[in-house]
Amino acid sequence: MNKQSICRCVVASLLSITAASWAQTSVGLGRADYKDNCASCHGASGKGDGPMHSFLLKPPSDLTRIAQRHGGQFPQELMWEVIDGRWSGDGGPHGSREMPVWGQEFKARAMTEPGDSPRTAEWSARQRIASLLKYLETIQQP
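Per the working numbering, the sequence shown runs over residues 9 to 150.
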């Protein structure tokens, strides 16, 4: 094996380790955000049975069956729109907007951090939504 091949193998190994580590971290961050922001309505297990569910006009969705309701595939783009909420209008894919507009909320929270700009706050909001999506994928039931 020549020097260039060894370097490529080392770089590929490091990238795969980093990607796996990021995925685990991302799921963990998504789990924490879910617990703090979503479980009160959707329930700790995501079945739509949180302590606030009886106070809502529309019952919260069972988040463990998202993929099942979409032919076995987790609909990343649709779920991004539902969670972010900034571009879906009042109706949107979620129905009524009883659900908070998390894209706006996460960005507003990030703007309270010292030194944050609108650009970094937007990046932070998107990272949080991506982490929530990763977590939601892990709780899907057949």
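All C-beta atoms in this analysis are idealised placements derived from N, C-alpha and C, irrespective of residue type, glycine included.
Requested in this report: Report buried or exposed for A118, applying the criterion of at least 16 other Cβ atoms within 10 angstroms of its Cβ.
Outcome: As a first step, residue 118 must be located in the sequence shown, where it is residue number 110. The residue is buried, with at least 16 neighbouring Cβ atoms inside 10 Å.
Query raised in the report: Taking the alpha helix (DSSP H) that D92 falls in, what are its first and last residues?
Result: Residue 92 sits at position 84 when you count from the first residue of the sequence shown. From DSSP, the alpha helix (DSSP H) with D92 extends over 84-92.
Query raised in the report: Considering F114, what are the terminal residues of the alpha helix (DSSP H) in which it resides?
Result: For the purposes of this step, residue 114 is taken as residue 106 along the sequence shown, with counting starting at 1. Taken as a continuous stretch (DSSP letters only), the alpha helix (DSSP H) holding F114 covers 110-119.
Query raised in the report: Out of curiosity, what's the CA-to-CA distance linking W95 and A52?
Result: Locating residue 95 in the sequence shown gives position 87, counting from the first residue. Locating residue 52 in the sequence shown gives position 44, counting from the first residue. Answer to the nearest angstrom: the Cα atoms are 27 Å apart.
Requested in this report: Return the chain-ordered list of same chain residues with a C-beta closer than 7 Å to the C-beta of Q148, the five sequence neighbours on each side being excluded.
Outcome: In the sequence shown, counting from the first residue as 1, residue 148 sits at position 140. Once the five neighbours on either side are set aside, the close Cβ partners of Q148 are T72, I74, A75, F82.
Query raised in the report: Leaving out five residues before and five after H78 in sequence, what residues of the same chain have Cβ atoms less than 8 Å from its Cβ?
Result: Position 70 of the sequence shown, counted from the start, is the residue given in the question as residue 78. The residues are L86.
Report task. Measure how close the beta-carbons of G56 and S139 come, nearest whole angstrom, since I'm counting them as under 8 Å. Result -> Counted from its first residue, the sequence shown places residue 56 at position 48. Counted from its first residue, the sequence shown places residue 139 at position 131. So it is not a contact: roughly 21 Å between Cβ atoms.
Query raised in the report: Does DSSP put P126 in a helix, in a strand, or in coil?
Result: For the purposes of this step, residue 126 is taken as the residue at position 118 of the sequence shown. In the structure shown, P126 sits in a helix (DSSP, three-state: H, G or I).
Requested in this report: Return the chain-ordered list of same chain residues with a C-beta closer than 6 Å to the C-beta of Y143, the five sequence neighbours on each side being excluded.
Outcome: Sequence index remark: in the sequence shown, residue 143 carries index 135 (1-based). Apart from the 5 residues on each side of it in sequence, Y143 sits with its Cβ closer than 6 Å to the Cβ of V35, G38, R39, Y42 in its chain, given in chain order.
Report task. Enumerate in chain order the residues of its own chain whose CB-to-CB distance from F114 is below 6 Å, with the five nearest sequence positions on each side excluded. Result -> Within the sequence shown, numbered from 1, the residue matching residue 114 stands at position 106. The residues are A133, R136.
Query - S48 versus P126: straight-line alpha-carbon distance, rounded - result: By one-based count along the sequence shown, residue 48 stands at place 40. By one-based count along the sequence shown, residue 126 stands at place 118. S48 and P126: Cα-Cα distance of roughly 29 Å.
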